[in-house]
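Chains as they are written, first to last, in the working numbering: chain A, 1 to 264; chain B, 1001 to 1264; chain C, 2001 to 2306; chain D, 3001 to 3306. Below is one structure, written out as structure tokens; the observations come after it.
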Amino acid sequence: MIRPSCEETVLLRHRDLKHNYYSLTFGPYSRAKECRPGSFIHVHLPHTDVYFRRAMSVAAIDPKKKEIEIIFKIFGRGTTLLSKFAKDAKLDILGPLGAPFALPTKTERVVIVAGGVGFPPLMFLATDLVQRGYDPKKIEFFYGGRSDGDIVERARIKKLGVNFHVTTDDGSLGEKGFVTRSVESFIKAHGSEKLRLYGCGPDAMLKATNDLGLKYELPGQLSLEAPMPCGIGVCLGCVVKTTRGDYVRVCVEGPVFNIGEVEL
Amino acid sequence: MIRPSCEETVLLRHRDLKHNYYSLTFGPYSRAKECRPGSFIHVHLPHTDVYFRRAMSVAAIDPKKKEIEIIFKIFGRGTTLLSKFAKDAKLDILGPLGAPFALPTKTERVVIVAGGVGFPPLMFLATDLVQRGYDPKKIEFFYGGRSDGDIVERARIKKLGVNFHVTTDDGSLGEKGFVTRSVESFIKAHGSEKLRLYGCGPDAMLKATNDLGLKYELPGQLSLEAPMPCGIGVCLGCVVKTTRGDYVRVCVEGPVFNIGEVEL
Amino acid sequence: MTPDIRVTIAGTEFVNPIWTASGCCGYGEELANVFPLSKLGALVTKSITQKPRMGHRPPRTAETASGMLNAIGLANVGIDAFISDKIPWLEQQPTKIIVNVAGSSIQEYVNVSARLADSPRVDMIELNISCPNVDKGGIEFGVDPVMTEKCVSEVRRVFKRPIIAKLGPNVTDITQIAKAAEAGGADALAIMNSAFGTSVNIDTWRPRLTNNRGGLTGPAIKPMALLMVDVVYRSGVKLPIIGIGGIATWQDVVEFMLFGATAVQVGTQLFVEPDAPVKIAAGLKAYMKTKKLATVADLVGKVQRW
Amino acid sequence: MTPDIRVTIAGTEFVNPIWTASGCCGYGEELANVFPLSKLGALVTKSITQKPRMGHRPPRTAETASGMLNAIGLANVGIDAFISDKIPWLEQQPTKIIVNVAGSSIQEYVNVSARLADSPRVDMIELNISCPNVDKGGIEFGVDPVMTEKCVSEVRRVFKRPIIAKLGPNVTDITQIAKAAEAGGADALAIMNSAFGTSVNIDTWRPRLTNNRGGLTGPAIKPMALLMVDVVYRSGVKLPIIGIGGIATWQDVVEFMLFGATAVQVGTQLFVEPDAPVKIAAGLKAYMKTKKLATVADLVGKVQRW
Ligand SMILES: Cc1cc2nc3c(=O)[nH]c(=O)nc-3n(C[C@H](O)[C@H](O)[C@H](O)COP(=O)(O)OP(=O)(O)OC[C@H]3O[C@@H](n4cnc5c(N)ncnc54)[C@H](O)[C@@H]3O)c2cc1C
Ligand SMILES: Cc1cc2nc3c(=O)[nH]c(=O)nc-3n(C[C@H](O)[C@H](O)[C@H](O)COP(=O)(O)OP(=O)(O)OC[C@H]3O[C@@H](n4cnc5c(N)ncnc54)[C@H](O)[C@@H]3O)c2cc1C
Ligand SMILES: Cc1cc2nc3c(=O)[nH]c(=O)nc-3n(C[C@H](O)[C@H](O)[C@H](O)COP(=O)(O)O)c2cc1C
Ligand SMILES: Cc1cc2nc3c(=O)[nH]c(=O)nc-3n(C[C@H](O)[C@H](O)[C@H](O)COP(=O)(O)O)c2cc1C
Ligand code: FES
Ligand code: FES
């Protein structure tokens, strides 16, 4: 069982990825190496008029330097204020939180479906798999966004040596169209055997990915978002309905759920 | 009649004066040259969890560069957060506010009594008088604080050429004792004729200064503080009782009041 | 096409639904130095009582999380000085003038209102039957349906132009009070006045207000005010509602209107942002353009309940 | 000499006056992973009802200025599963255990409480007669003195250890309810439950909660909660008061105690700062040292009214 804790860390690097995307790296963070792909942290915004913490998937860790990175897009007030913290700011982080992704077996081919701001935990997953010795050529990294500005950190993905497929809704980068259409083409071309899906992104994309999984009977997991007052399971505010009909907490039972497990 | 306005200005200089004192200079501020000694501004703390503006006396202006300076000591949350804004931060300023000091006649000798954080408007007053051609040798600048850390910007006062008298409660700088004791010694030595008192500082010091004024029948003025929700006269929150028995607004009828005018 | 943000309440047309709240804009003079009052739907004066009132001893206000406590104590110049000193200036102003009336007896409400009836530029009066700051004061009316109806109907007899009844949140069931005000002949409801609260200085152990308690206002109370508006709007009461409580942005105004407010009043936010009404009106217009709404009335009560 | 922050309520001694509030700490397991529960005066569980309840459809929460709205809908495992799955773990915990009980009929309160009477490690029960989220639920009790007294006295018959009655702010006069709870045989009062509020998404025009309204909690409501405690403390009601509402810091706790609370509960702040109770207890001790107070009881009710 994970024992989350609050810890003050320092904002070491603040990178403007343009088009309202930012990367922040914090450290030293004593729990860095306990963060797994799919884990998230709950970031406090000190002195601001935003009361709740904000949940952020871990995008990368450096276990030696005890650093963690998050990547986010400005959406509302919370992310706006988060983007304004400057280098050396001290922020309190609650973590590590959530149930991470289950790893594939070595014989499986991994199909990653990242939509827009759902990219960070999947970059972490791909990085982690490659570092664990998983053959990058058996990882298909599909990354879709509205337009080219929504496709960030391309060089980092390419460097992993994975098969990288970019789509944009407006065709400004990569293939034009929804990412899940490309994924389906791939499944059709490749055959559905020994494929494992991982997805994170906007609701519609999650639903389409879930549907693909069900249609082609693929195992896999999706990482969900929900408004999260506490992040540790005590408020029951973040629940999602399972296909069994009960509610489960996205922050504890999730954010990672199996395909077919929850209603989308 | 003054027409206050809200204006976004940039924090141009942020100086740590040590011992929890700070100097912030804002500009360009279109209303800078309308600020008089005793005027104050109402500073908004954007994005913070402090809801109200904070009133700050104008400590100096540069009418050509359209800059204004404030000097404050960290007291509570408002001033703590204000001290944290970094150079280039944008802050909204409401001003100019309040009724400024009345100027002395050329034949009067000016006795300035500054206590701790009451110093800023009086530095402005002394600077302004000297700039207007008032003989610096006819200005007695008494500046008292708890200890030497409370006596800031000494070089600036000295540079004005005024007669500068420092007192500290603990004797760590200048004469030991309350500033008003030194002032009384001066009055006794000099005689009370043609003296005009100006005071700003903590309540006890204001009261003692007021008492001196009454005792020696000196004309003069005091600048008061009060919790100030609006600063423009609409909330009636900042009132002080006059010796006539009614309430007046510190933000509009004040912050500068004549000696003997208000109950202290 | 520029969106039409005019609203009509009790036959009176307002240039926009953004008014200032009583006690937060004095008698208008100071605000007129900050922005032209023609930008305002209406100005609602500080509560006027029969006699002048000095108000409570300071401290009268205290800051709280996203809000404030106040116990000004209905400080005001009294109806005589109001009519002689304030009305002539107010009559010149290019906005609707609403005078807020308070009292500690029904007779006082009637007397003050009768005097205001003689000033035709007083477009409406707003009865403060819910002031939390006066011990032997308005508060008894505002929590008692019988007294509420009586107060409104007696004032009705002496003041023929529109009457707004201003209700407070500190009751078990606000719809009862709203219905009583309607039965008494009110033309509109202002919802809501301050909530109650207190705070103590932990160094001195003294309450932060000499009145020991005060009215809680500002963004902190907005969710409560929205609910009060929602509940009254759906209660069968037919009167137009003026929403008040914690409004700081145009987004807040949209929320109030969706829940059923025809107009709103901005209070505490004026202290932080004296020109808030101007910014809010502009934001509201821009929102209407985005949402392709021709008139602001298209928002009123349009919340889609689950 | 280290200050003594133990408190005694209804004959039960607590290591400190800092408890967690119902619905904000689950059944304790998650919090026990964050800090040792021995640091806590008491843990108050989520409301338990007779049958398991799934709770409302999400979204169930919305952020507001210095606070939040929630309509969880009393989601809980029900008394059977609570006794079989949760009690065994709770019995091992090094803190006092208070089980919060809710129901939609007096019989339900009685049934749930009777079951809890069999678990001696349930030190106290807290009757949630003021939940704002259940349509046909507790709320009727909490605003009606007669029902309040009846509910408490019927539970009294089946549960012999201390009973806390938890009151809400949404009434005209909370002292009536407090007196009714006292008459019914309550041993202590918890003041207060959430206020009411709502909010709407201005893009979708949907209320932010599927329940359309919810309970307003967090620092925003602290001034209201302090006043409720103050009013009841001075009303002649003899019962000890547990203060709740917007507590985030040790300073807040001092405020509540000065107004008459013997202990407090931390709710919403746990979401922001799960170890808040630990920090608060440390801050309280440091404050008592500065103020040279030997025992925390020296603070209770010591506000110096003007
Ligand atoms: C497990 C998890 C991981 C996340 N990882 C990332 C990430 O890596 N990068 C990123 O950009 N964003 C991430 N998010 C979303 C992020 O937490 C922000 O809350 C969300 O983008 C809303 O932005 P905001 O705070 O600026 O919006 P605001 O308008 O300030 O606030 C939105 C409010 O609604 C709630 N809310 C509404 N929608 C969501 C949502 N989808 N998720 C969370 N809260 C919501 C929030 O709790 C908050 O109270 C994640 C969310 C979760 C739950
Ligand atoms: C006309 C005027 C001029 C001022 N000029 C200066 C100046 O030049 N330098 C300086 O350091 N300070 C000045 N102050 C005081 C300053 O405005 C701060 O509010 C005060 O120091 C409280 O600090 P804080 O905001 O950190 O305290 P917080 O604890 O954050 O807040 C204190 C709260 O109490 C109120 N309050 C309590 N005491 C005072 C007080 N004495 N003055 C104002 N509000 C108070 C505030 O409105 C606020 O709501 C001035 C005040 C006034 C009214
Ligand atoms: C300082 C202050 C003084 C007030 N005085 C009055 C008053 O005299 N009469 C009245 O009806 N309401 C008065 N109110 C209540 C406001 O009109 C308004 O109903 C309340 O503040 C809620 O709105 P807000 O949150 O926008 O401030 C006062 C409020 C404040 C903050
Ligand atoms: C998410 C949430 C769930 C709650 N559930 C319950 C509950 O089940 N029973 C109850 O008596 N109070 C419940 N409450 C109310 C709290 O116990 C507390 O009275 C209220 O939140 C005020 O305190 P706070 O401002 O510290 O949160 C809940 C509050 C929140 C925020
Ligand atoms: S966020 Fe509180 S239970 Fe998940
Ligand atoms: S601060 Fe509002 S009247 Fe002076």
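Every residue, glycine too, gets a C-beta built ideally from N, C-alpha and C.
Residue i at chain C interface by Cβ criterion, 9 Å
| i | result |
| --- | --- |
| D/ILE3221 | yes |
| D/SER3199 | yes |
| B/ALA1055 | no |
Status (buried if at least 16 other CB within 10 Å, exposed otherwise) for residue i
| i | result |
| --- | --- |
| D/TRP3019 | buried |
| C/LYS2292 | exposed |
| A/ARG249 | buried |
| A/GLY45 | The amino acid at residue 45 of chain A is misidentified as Gly; the sequence shows Leu. Answer is buried; the Cβ neighbour count reaches 16. |
| C/PRO2316 | As shown, chain C starts at 2001 and ends at 2306. That puts residue 2316 of chain C outside it, with no answer to give. |
| C/PRO2088 | exposed |
| D/GLN3092 | exposed |
Secondary structure of residue i, DSSP reduced to three states
| i | result |
| --- | --- |
| B/LEU1103 | coil |
| B/ILE1074 | coil |
| B/CYS1235 | coil |
| C/MET2068 | strand |
| B/GLY1038 | coil |
| A/GLY201 | coil |
| B/ARG1013 | strand |
| D/LEU3189 | strand |
| D/ILE3202 | coil |
| C/TRP2019 | strand |
| C/PHE2035 | coil |
| D/VAL3253 | helix |
| C/GLN2304 | coil |
| A/HIS165 | strand |
Any C-beta of chain A under 9 Å from that of residue i
| i | result |
| --- | --- |
| D/ILE3072 | yes |
| D/ARG3206 | no |
| B/HIS1047 | yes |
Beta-carbon proximity of residue i to residue j, cut-off 9 Å
| i | j | result |
| --- | --- | --- |
| A/LEU94 | A/ARG53 | yes |
| C/GLY2243 | C/VAL2229 | yes |
| B/LEU1097 | B/TYR1198 | no |
| D/LEU3189 | D/PRO3240 | yes |
| C/GLY2246 | D/ALA3065 | yes |
| C/LEU2226 | C/PHE2259 | yes |
| A/LYS137 | A/GLY161 | yes |
| C/GLY2218 | C/GLN2251 | no |
| C/GLU2149 | C/ALA2180 | yes |
| A/PHE101 | A/VAL252 | no |
Short CB-CB distance (under 9 Å) between residue i and chain B
| i | result |
| --- | --- |
| A/LYS84 | yes |
| C/GLY2307 | The question about residue 2307 of chain C has no answer here: the residues shown for chain C are numbered 2001 through 2306. |
| C/LEU2043 | no |
| C/LYS2136 | Residue placement at C/LYS2136 is flagged as unreliable, the pLDDT there being 47, under the threshold of 50; a coordinate-derived value is accordingly withheld. |
| C/PHE2271 | yes |
heavy atom of ligand 7 below 8 Å from residue i C-beta
| i | result |
| --- | --- |
| B/ALA1059 | For ligand 7, the structure offers nothing, since it holds only ligand 1, ligand 2, ligand 3, ligand 4, ligand 5 and ligand 6. |
Closer than 9 Å to chain D by CB, residue i
| i | result |
| --- | --- |
| C/ILE2079 | no |
| C/ASP2298 | no |
Short CB-CB distance (under 9 Å) between residue i and chain F
| i | result |
| --- | --- |
| A/LEU81 | The structure shown contains no chain F; its protein chains are A, B, C and D. |
Exercise for review: Return the chain-ordered ranges of every beta strand (DSSP E) run that is complete within the region 2051–2113 of chain C and spans a minimum of 3 residues.
Suggested key: 2061–2064, 2067–2070 and 2096–2101
Point to revise | Any beta strand (DSSP E) of 3 or more consecutive residues that is wholly inside the region 125–190 of chain A | key: 139–145 and 163–168
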